[in-house]
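Here's the structure, in structure tokens; my notes come after.
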Amino acid sequence: MADIVDTRTDAETALARAYEALGRGVPVAIPTETVYGLAADATNPLAITRIYEMKGRPCFNPLICHMADLAMAEAHAVFDPLSRAIAEAFWPGPLTLVLPIRPESAIHPLARAGLDTIGIRVPKGFASRLLSAFGRPLAAPSANTSGRISPTTARHVAEDFGAKLELVLDAGPAVVGLESTILKVEGETIRLLRPGGLDAAEVERVTGRPVLRNEKAGAAIEAPGMLASHYAPDAPVRLDARDVAPGEVLIRFGGTALPGEADAALVLDLSPAGDLAEAAANLFGYMKQADATGARSIAFAPIPSRGLGEAINDRLQRAAAPRG
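Residue numbering for the sequence shown follows our numbering, starting at 1 and increasing by one per position.
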């Protein structure tokens with residue numbers, strides 16, 4: 001099992017140990033406000049290869065590179081005025097921007113899957129402090145086996161990777177609980193590549209422009225989280241459930257009971273009060289809890305698609321998709 005160091009009680013030790021491991025090209029699990037990330041030096045091809053190997057992630061699926069601040073981001077990517085305005089409004093925070101890579105950037109092509117663009121994010125919390133100390137971008141996809149449920153606690157990470165991982169930094173449960181929203185600006189158009197922890201409506205409010213959704217099935221992978229099957233538990237997932245079969249786990253929303261609950265293996269409620277932010281924060285943890293029961297399937301009651309519900313439903317649709 002990996003060593004877990006609590007950043008809240010021993011920040012200096014956590015910082016020193018992470019700095020040393022990253023310098024050796026060893027991936028480290030780090031806390032962010034979205035989910036826990038498996039971080040490695042984005043300029044080191046061996047370190048990046050270790051991320052792909054540890055996760056079992058296909059190398060055509062690019063990695064998000066985390067930056068300490070906008071200044072570091074601008075050293076590696078070309079910002080148009082609209083992208084810069086969005087970054088200034090929402091960084092640090094749960095937003096990734098896909099931008100053209102600068103020719104002089106030291107980020108290795110492996111991190112961007114050979115694309116001429118790079119996904120960049122500036123996180124909040126201890127990750128920001130670590131990035132500032134390390135002084136280089138960290139490639140950091142979610143700290144879980146590829147395609148499986150994303151981790152929102154240090155314990156989730158340690159249980160998934162076991163002895164394969166050297167160090168996990170623990171800052172408590174992730175506050176947002178969903179991966180970042182991914183946007184790409186093309187001219188005067190803002191495209192949503194992946195819904196996430198930042199409501200696209202907030203971007204529309206700040207920019208005064210619509211955020212266009214990807215509607216083309218089988219679109220080329222431009223950013224993480226675009227694979228059809230992703231975020232999946234072992235048990236099959238059933239969406240928009242109106243009742244519960246005996247032995248199923250029910251994950252509901254808004255305190256609304258469903259017929260058959262009495263015979264369910266487990267009943268969980270993402271937010272009894274109908275709060276979508278609370279539901280987002282609980283989503284992956286409840287999916288892991290449901291899967292741990294060994295139930296034959298997991299039934300999800302309908303979740304509204306407004307606000308963060310868009311990102312929640314995106315994750316559920318990918319969790320329920322046919323698995324290759």
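All C-beta atoms, glycine included, are put in the ideal place defined by N, C-alpha and C.
If we call anything under 9 Å between Cβ atoms a contact, is residue i one with residue j?
i, j, result
"P123", "L178", "no"
"A143", "P62", "no"
"M72", "P27", "no"
"R242", "L268", "no"
"T7", "A16", "no"
"A2", "L165", "yes"
"A262", "L167", "no"
"L96", "G119", "Going by the sequence as given, residue 96 is Thr instead of Leu. Result yes, Cβ atoms of T96 and G119 sit closer than 9 Å."
"L169", "V5", "yes"
"D240", "F300", "yes"
"R102", "A77", "yes"
"E310", "D160", "no"
"R238", "A320", "yes"
"A140", "A273", "no"
"V157", "Y19", "no"
"A111", "A171", "no"
"V203", "I48", "no"
"L266", "A290", "yes"
"I188", "R213", "Reading the sequence as shown, one finds Glu at residue 188 and not Ile. Going by C-beta atoms, E188 is not nearer than 9 Å to R213."
"T181", "G196", "yes"
Is residue i buried or exposed, if buried means 16 or more other CB atoms sit within 10 Å of its CB?
i, result
"C59", "exposed"
"D116", "exposed"
"E33", "buried"
"F90", "buried"
"G218", "Unreliable positioning characterises G218 in this predicted model, as indicated by a pLDDT of 48, which lies under 50. The coordinate reading is nonetheless provided below. It is exposed - the Cβ of G218 has fewer than 16 other Cβ atoms within 10 Å."
"L308", "buried"
"V185", "buried"
"A280", "buried"
"P92", "buried"
"A201", "exposed"
"G163", "Correcting the residue type first, residue 163 is Ala in the shown sequence and not Gly. Exposed."
"R306", "exposed"
"V98", "buried"
Consult DSSP for residue i and reduce its assignment to one of helix, strand or coil.
i, result
"F90", "helix"
"V28", "strand"
"E186", "strand"
"E310", "helix"
"G208", "coil"
"L99", "strand"
"V203", "helix"
"L38", "strand"
"L110", "helix"
"F284", "helix"
"D170", "strand"
"A257", "coil"
"S271", "coil"
"A319", "helix"
"V176", "coil"
"E143", "Checking the sequence shown, residue 143 turns out to be Ala, not Glu. Coil, per DSSP."
"R84", "helix"
"L276", "helix"
"S105", "coil"
"A232", "strand"
Please report the residue range of the alpha helix (DSSP H) in which residue i lies.
i, result
"E12", "11–23"
"R50", "45–55"
"V122", "Neither: V122 is in no alpha helix (DSSP H) and is coded neither H nor E."
"H156", "154–161"
"A73", "70–74"
Locate the beta strand (DSSP E) running through residue i, then write down its first and last residues.
i, result
"L130", "Here L130 belongs to no beta strand (DSSP E); instead the alpha helix (DSSP H) covers 126–134."
"A292", "A292 -> no beta strand (DSSP E), and no H or E assigned at all."
"L250", "249–252"
"I4", "3–6"
Given 8 Å, three or more beta-carbon pairs between the stretch 281–293 and the stretch 145–152: Taking a contact to require three or more Cβ pairs closer than 8 Å, the stretch 281–293 and the stretch 145–152 qualify as touching.
Cβ pair count under 8 Å reaching 3, the stretch 294–303 against the stretch 245–258: Counting Cβ pairs under 8 Å, three or more are found: they touch.
Contact the stretch 44–60 vs the stretch 68–85: 3+ CB pairs below 8 Å: Taking 8 Å as the limit for Cβ pairs, the verdict is that the stretch 68–85 does not touch the stretch 44–60.
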